[in-house]
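Per my numbering, the very first residue in the sequence shown carries number 140; after that it's consecutive.
Shown next, in structure tokens, is the structure this report addresses.
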Amino acid sequence: MKAVFVTKFGLDTPLEAGDAPDPKPGPGEILVRVRAAGVNPLEVSVRQGAHPSAKLLKLPYICGTDIAGEVEAAGEGVQGFKKGDRVWGRTAGGAYAEKALLAAAETGRLPSAMSFAEGASLAIPLLTAWNALVIKAEAQAGDAVLVQGGAGGVGHMAIQLARRMGCRVLATASSDEKADLCRQVGAEAVINYRKEDVAARVMELTGGRGVDVVVETVAAENLATSVGLTCVNGKVIIVGNGTGKGGQGTFPLRDAMGRDARIITLASGFLKPRLPEILRRLDPILESGGIRAHVGREMPLAQAEEAQKVLLSGKFLGKIVLKP
Ligand SMILES: NC(=O)c1ccc[n+]([C@@H]2O[C@H](COP(=O)([O-])OP(=O)(O)OC[C@H]3O[C@@H](n4cnc5c(N)ncnc54)[C@H](OP(=O)(O)O)[C@@H]3O)[C@@H](O)[C@H]2O)c1
């Protein structure tokens, strides 16, 4: 099969197209003909060698994690999936490829109304939004939630999920186009963080109380502001430092303590044992069209290098997806 490889850590060495043997499904696994692969900041940070999981990889390796496609074969003991079924999920063996393996217990069913490109936009973004809002924040109906980076992969999922949970959703974005997407998917108000004072606007929109939850996708730039605009006993869920923005941030200790704030980090890799239950709960929501992915850009697999550059530039809406 055709695949796209990382041959050396660091973004100076371009991704390389090549051939790899077709993966063989082991017990509990399904072989998927990949129709679309999501482009996520995770694989860029792994490729840079900066992510902890990079230490576990042997070069060259196939880049990427999120896929959608059709089941081609099932390994021993797999029940409930047959050839031709449309599925989505997170593969451990590399997503930028024509074929990939999924653990059957961690595989979602792709509704017929959803394209493969949408399906490839679900695994990391939606499961991370679930982790942030349902598991870590335990957000409640009526809570005010601010989604920092609302038009990004995680952000536009978090807006939709928070709305479904009955929350009031505010979001930040850098342009009118991105603000429109945030509103389309359910944000009540969008703040242009380049032009407006985010903290002042949030206080205005919440009558001076602040928000119950911040879903923070750009902690490197926003953590201090985000802590300062939570209500007493509010939560800042640190989903990420920001695409391509490194690993450090400034923690405003006095502001956090002064409002009894809870600052919670997450890494969605740890969701693995909970995935079967999360997928069961997500299934009806996706089937009814209750949450949809916005695919801002589809590119051929051969343009994987360019796709990651677009991701780092921020010049896209929602998700970038590769088509083998
Ligand atoms: N912990 C985990 O398990 C996990 C899982 C998924 C993602 N992440 C991390 O979460 C972050 C977001 O992921 P993603 O997939 O949503 O990335 P993405 O699709 O690249 O979206 C990031 C969004 O942030 C916006 N942004 C940039 N600077 C901003 C700022 N100062 N304030 C507000 N928004 C800003 C970007 O648009 P503009 O530049 O136009 O503003 C873009 O819309 C990344 O750091 C990623 O590594 C972590």
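Cβ atoms here follow ideal geometry from the backbone N, Cα and C, with glycine treated the same way.
{"Check": "Exposed unless 16 or more other CB atoms sit within 10 angstroms - verdict on F455", "Outcome": "buried"}
{"Check": "Cβ-Cβ separation, A338 to A297 (assumed contact under 8 Å), whole Å", "Outcome": "Not a contact, Cβ separation roughly 20 Å."}
{"Check": "Residue from A310, Q323 and L362 with nearest C-alpha to R340", "Outcome": "A310"}
{"Check": "Residue span of the alpha helix (DSSP H) that contains M396, given as start and end", "Outcome": "L392 to G397"}
{"Check": "Continuous beta strand (DSSP E) assignments of at least 3 residues falling wholly in the region 225 to 250", "Outcome": "225 to 229 and 238 to 242"}
{"Check": "Buried versus exposed call for G367 [16 or more other C-beta atoms within 10 Å across all chains shown]", "Outcome": "buried"}
{"Check": "Assigned exposure category for F144 - 16 Cβ within 10 Å defines buried", "Outcome": "buried"}
{"Check": "Assigned secondary structure, V286 (DSSP; H/G/I helix, E/B strand, else coil)", "Outcome": "strand"}
{"Check": "Residue of R348, R393 and R303 minimising C-alpha distance to A326", "Outcome": "R303"}
{"Check": "Anticipated Cβ contact below 8 Å, V183 with G428, distance rounded", "Outcome": "Not really, about 30 Å apart at Cβ, beyond 8 Å."}
{"Check": "Cβ shell of G379 (< 6 Å), same chain only, five flanking positions each side left out", "Outcome": "T356"}
{"Check": "Exposure of V371, with buried meaning 16 or more beta-carbon neighbours within 10 Å", "Outcome": "exposed"}
{"Check": "Nonlocal neighbours in the same chain, by C-beta distance under 6 Å from A256, ignoring five residues either side", "Outcome": "A175, V434, E437 and V460"}
{"Check": "Simplified DSSP state of I274, which is helix, strand or coil", "Outcome": "helix"}
{"Check": "Contact set for E245: own chain, Cβ-Cβ below 8 Å, skip 5 residues either direction", "Outcome": "G228, R229, K411, L414, P415 and L418"}
{"Check": "Candidates K194, D399 and L320: closest to K458 by CA position", "Outcome": "L320"}
{"Check": "beta-carbon P412 near ligand 1 non-hydrogen atom, thresh 7 Å", "Outcome": "no"}
{"Check": "Buried or exposed by the 16-neighbour rule on C-beta atoms within 10 Å, applied to T369", "Outcome": "buried"}
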